[in-house]
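At position 2 of the sequence shown (counting the first as 1) the number is 2 in UniProt numbering, and the numbers step up by one without a gap. In this text, a Cβ means the ideal position worked out from N, Cα and C, and glycines have one as well.
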Amino acid sequence: MIVLIYNTNSDVNYMVHRVMNFTVLIEQDEDGVYIAKVPDIPGCYTQGKTVEQAMKRIEEAVRVCIESDEEMDAFTPMKFIGLQNIEVRV
1 MIVLIYNTNS DVNYMVHRVM NFTVLIEQDE DGVYIAKVPD IPGCYTQGKT
51 VEQAMKRIEE AVRVCIESDE EMDAFTPMKF IGLQNIEVRV
């Protein structure tokens, strides 16, 4: 999706933004900290004291990862289907 934003405070009349959707995996570690990861972007993760804080931070992390990787311009995230739990006896 492409979003056009009208900017009245500049000589530039609009800015083009690409809107991308990503699946975020959230886990909680043994200390109660929430870890947010984006499986489609290797190395893109962050943490927060709450789920809300982790989600805000992962949005920032995704922007940084995309801006720092030129190959992300042509990137299309995978479609999320679901999560399943399995029990494995070892």
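E30 to C44, Cα distance in whole Å?
Walking along the sequence shown from the start, residue 30 turns up at place 30. Walking along the sequence shown from the start, residue 44 turns up at place 44. C-alpha of E30 to C-alpha of C44: approximately 21 Å in a straight line.
Residue from E87, G82, I41 with nearest C-alpha to D69
Within the sequence shown, numbered from 1, the residue matching residue 69 stands at position 69. If we check each option's Cα against that of D69, I41 comes out closest.
Leaving out five residues on either side along the sequence, give the residues of the same chain with a beta carbon under 8 Å from the beta carbon of V33.
Your numbering for residue 33 matches position 33 in the sequence shown. Contacts found: Q47, G48, K49.
Under a three-way DSSP split, which group does Q53 fall into?
Start at 1 with the first residue of the sequence shown, and residue 53 comes out as number 53. In the structure shown, Q53 sits in a helix (DSSP, three-state: H, G or I).
I81: which of M20, I66, E52, V24 sits nearest, CA to CA?
For the purposes of this step, residue 81 is taken as residue 81 along the sequence shown, with counting starting at 1. Of M20, I66, E52, V24, the smallest CA-CA separation from I81 is found for V24.
Would I26 pass as a contact of A54 if the rule is Cβ separation under 8 Å?
As a working mapping, residue 26 is identified with position 26 in the sequence shown. As a working mapping, residue 54 is identified with position 54 in the sequence shown. For I26 and A54, yes; Cβs fall inside 8 Å.
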